[in-house]
Ligand code: ARG
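Residue numbers (UniProt numbering): 4 to 463.
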């Protein structure tokens, strides 16, 4: 005998390999809670429109609650023969409550059921990701506020460029995450639309009330078009696109953390609990967490490509191809939740080695632009000032002296407009303090920016 839920028109059992090949229960069983929630809402609505009696509805609701308890206790008899989570649960319900269980699927198809389940599941998971993102941002903002006065070199081309504050650098990371957060919230709006009621593809002949089910399930509204409702997976692609950008941002932060923990930079310390050692080199302390987060971006991008390709050229409406949407989506969720947790735990524990950062900023002629700006203020044209400072730097390289270490006479070799007020602009503190406008690296601007970031996060 073949699968009982659709075996009526079949004359031979499903090929044993095909049975396994087409089954999804091994991975879609994680939808069980949302499948049951959806079924309870559907049964409730069926009773309200008179398709089920109150007793039938109660039997279904109680039976489903029992099924859920069985699943949670690890006592549910999952069966590959029953193909997927939906039919496993329905079959078990029928075993428990008898013929009434067979009425649950009235006016419904697995096509609208699965689309509803994924949306319910993803909506809850989005809220978990949202909270972790908020926790990470908050930790980053507080660290930034604490490090508002810590001076480090800012880089372009990974060459020392101008001094910045470590707090400013951290708030740059925070901006990336703030955009990700907005994208996530925006994505959630399109997740929160209800396919249920589309049935297989065309809707159903029963006088269903989709507003009732939508309200019971907390959906914003029923999906407008039944064909689109069962075939649309844009919302999953959007989520994975959000996750890809987030993974890209985390990989950039990771790369910097890895660089900064190296002996060559030595800008920060990561607590031992976020690092591991080497089985051969006893001295090693490796920044595994940021390395792994950097590496995990690859699988998330891969899932984005999988889903886009999965949906490409699919004719309306539902196709079995769609069963392939789950593993990429689930793995993306597991991956980003893991990366966010690792980062949210680790970032507040980053220890800045302020002396090393400062020394690196001092060494790299990072205040050269400040000297050029100083000359401009004294009436020199910027291009001429650039040339003068370039010559001073060349002299400094030859003499192994930073600009601030040169005497006034040494500096005046290149321009006699230089006076002894030059030294305050050549200091690292003077340099960062001078960038005193919104979005600039001055410590008081960083503190103000951290406060704005806190406020923005609080009202999100
Ligand atoms: N397991 C299927 C999926 O994940 C459920 C829907 C199956 N519908 C069907 N008509 N075969 O997409």
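Note that CB positions come from ideal geometry on N, CA and C, so glycine has one too.
Work out the CA separation of residue 185 and residue 462 for me, nearest whole Å. Taking the chain shown and counting its residues from 1, the one referred to as residue 462 is at position 459. Taking the chain shown and counting its residues from 1, the one referred to as residue 185 is at position 182. If you take the alpha carbons of residue 462 and residue 185, they lie about 12 Å apart.
Whole-angstrom Cβ separation of residue 177 and residue 129, contact assumed at under 8 Å? Position 174 of the chain shown, counting from 1, holds the residue named residue 177. Position 126 of the chain shown, counting from 1, holds the residue named residue 129. The pair is not a contact, with the Cβ atoms about 20 Å apart (cut-off 8 Å).
Near residue 71, what residues of its chain come up, given a Cβ to Cβ distance below 8 Å and the 5 sequence neighbours on each side ignored? Here residue 71 corresponds to residue number 68 of the chain shown, with the count starting at 1. Cβ neighbours of residue 71 beyond the five flanking positions: 35, 36 and 39.
Exposed or buried, residue 448, counting other C-beta atoms within 10 Å across all chains shown (16 or more means buried)? Looking up residue 448 in the chain shown gives position 445. Note on residue 448: 16 or more other CB atoms within 10 angstroms of its CB, so buried under the neighbour-count rule.
How would you label residue 400, buried or exposed, when you count the other beta carbons within 10 angstroms and need 16 or more for buried? One-based indexing of the chain shown puts residue 400 at position 397. It is exposed - the Cβ of residue 400 has fewer than 16 other Cβ atoms within 10 Å.
Should residue 153 and residue 170 be called a contact, given that it needs their Cβ atoms to be closer than 8 Å? Taking the first residue of the chain shown as position 1, residue 153 is located at position 150. Taking the first residue of the chain shown as position 1, residue 170 is located at position 167. It is a contact, given that the beta carbons lie within the stated cut-off.
What residue does the beta strand (DSSP E) around residue 164 start on, and which one ends it? Stepping through the chain shown from its first residue, residue 164 is reached at position 161. Under the DSSP assignment, residue 164 falls in the beta strand (DSSP E) whose first and last residues are 162–168.
With DSSP run on the structure shown, which of helix, strand or coil describes residue 101? Taking the first residue of the chain shown as position 1, residue 101 is located at position 98. In the three-state DSSP reduction, residue 101 falls in the helix class (H, G or I).
For residue 158, which three-state DSSP category applies? Here residue 158 is taken as the residue at index 155 of the chain shown, counted from 1. DSSP places residue 158 in the strand class (E or B) of the three-state scheme.
For residue 380 and residue 252, I'd like the C-alpha separation in whole angstroms. Here residue 380 refers to the residue found at position 377 of the chain shown. Here residue 252 refers to the residue found at position 249 of the chain shown. Here the C-alpha atom of residue 380 lies approximately 39 Å from the C-alpha atom of residue 252.
List the endpoints of the continuous alpha helix (DSSP H) containing residue 216. By 1-based counting over the chain shown, the position of residue 216 is 213. Start and end: 213–219.
For residue 290, count neighbouring C-beta atoms within 10 Å of its own C-beta (all shown protein chains included) and say buried if the count is 16 or more, exposed if not. Walking along the chain shown from the start, residue 290 turns up at place 287. Residue 290 comes out buried.
Assign residue 308 to buried or exposed, taking buried as 16 or more other Cβ atoms, counted over all protein chains shown, within 10 Å of its Cβ. Numbered from 1 along the chain shown, position 305 holds the residue referred to as residue 308. If you draw a 10 Å sphere on the C-beta of residue 308, you find fewer than 16 other C-beta atoms in it, and that means exposed.
Own chain partners of residue 51 with C-beta closer than 8 Å, once the 5 adjacent residues on each side are dropped: In the chain shown, counting from the first residue as 1, residue 51 sits at position 48. Same-chain partners within the cutoff: 212 and 215.
Please give me, in chain order, every unbroken run of the alpha helix (DSSP H) with length at least 4 that falls completely inside the segment 26–111. The segment 26–111 contains these whole alpha helix (DSSP H) runs: 28–31, 35–51, 57–75 and 88–100.
Can you tell me where the alpha helix (DSSP H) holding residue 447 begins and where it ends? Taking the chain shown and counting its residues from 1, one reaches residue 447 at position 444. Note, residue 447: alpha helix (DSSP H), 446–461.
According to DSSP, simplified to helix, strand and coil, what is residue 308? Sequence index remark: in the chain shown, residue 308 carries index 305 (1-based). Residue state, collapsed to three classes: helix.
With H, G and I counted as helix, E and B as strand and the rest as coil, what does DSSP make of residue 376? Counted from its first residue, the chain shown places residue 376 at position 373. Annotated three-state conformation of residue 376 is helix, per DSSP.
Counting beta carbon pairs with one atom in the segment 299–313 and one in the segment 239–251, are three or more of them shorter than 8 Å? Here the segment 239–251 lies against the segment 299–313, with 3 or more beta-carbon pairs under 8 Å apart.
Report the partner residues of residue 338 according to the DSSP bridge assignment. To locate residue 338, count along the chain shown from 1; it is residue 335. Checking the DSSP bridge columns, you'll see residue 338 has no partner listed.
Which of the three DSSP states, helix, strand or coil, is assigned to residue 424? Position 421 of the chain shown holds residue 424. If DSSP states are grouped into helix, strand and coil, residue 424 belongs with coil.
Collapsed DSSP secondary structure at residue 19 in the structure displayed: Start at 1 with the first residue of the chain shown, and residue 19 comes out as number 16. The answer is helix: DSSP assigns residue 19 an H, G or I state.
Best match in 433, 173 and 20 for proximity to residue 372 [C-alpha to C-alpha]: Walking along the chain shown from the start, residue 372 turns up at place 369. Of all alpha-carbon atoms in 433, 173 and 20, the one lying nearest the alpha-carbon of residue 372 is that of 433.
Residue 174 and residue 456: beta carbons closer than 8 Å? Position 171 of the chain shown, counted from the first residue, corresponds to residue 174. Position 453 of the chain shown, counted from the first residue, corresponds to residue 456. Pairing residue 174 with residue 456 gives a Cβ-Cβ distance under 8 Å.
Could you pull the DSSP bridge partners for residue 196 from this structure? On the chain shown, residue 196 is found 193 positions in, with the first residue counted as 1. Checking the DSSP bridge columns, you'll see residue 196 partnered with 224.
Does ligand 1 have a heavy atom nearer than 7 Å to the CB of residue 91? Taking the chain shown and counting its residues from 1, one reaches residue 91 at position 88. Flag unset: Cβ of residue 91 not near ligand 1.
Comparing alpha-carbon positions, which option in 104, 167 and 150 lies nearest residue 443? Residue mapping note: residue 443 aligns to position 440 of the chain shown, counting from 1. Ranking the options by Cα distance to residue 443, first place goes to 167.
Taking DSSP as the reference, what is the three-state secondary structure of residue 2? Residue numbering for the chain in the displayed model covers 4 to 463; residue 2 lies beyond these limits and cannot be assessed.
Within the present structure, is the beta-carbon of residue 228 separated from the nearest heavy atom of ligand 1 by less than 7 Å? Indexing the chain shown from 1 puts residue 228 at position 225. Every heavy atom of ligand 1 is 7 Å or more from the Cβ of residue 228, so no.
Does the Cβ-Cβ distance between residue 406 and residue 378 come in under 8 Å? The count along the chain shown starts at 1 and reaches residue 406 at position 403. The count along the chain shown starts at 1 and reaches residue 378 at position 375. Between residue 406 and residue 378, the C-beta spacing is not below 8 Å.
Residue burial classification, residue 159 (beta-carbon count within 10 angstroms, cutoff 16): Indexing the chain shown from 1 puts residue 159 at position 156. So residue 159 counts as exposed.
Specify the secondary structure class of residue 231 as computed by DSSP and reduced to three states. Reading the chain shown from its first residue, position 228 is the one you call residue 231. Helix at residue 231.
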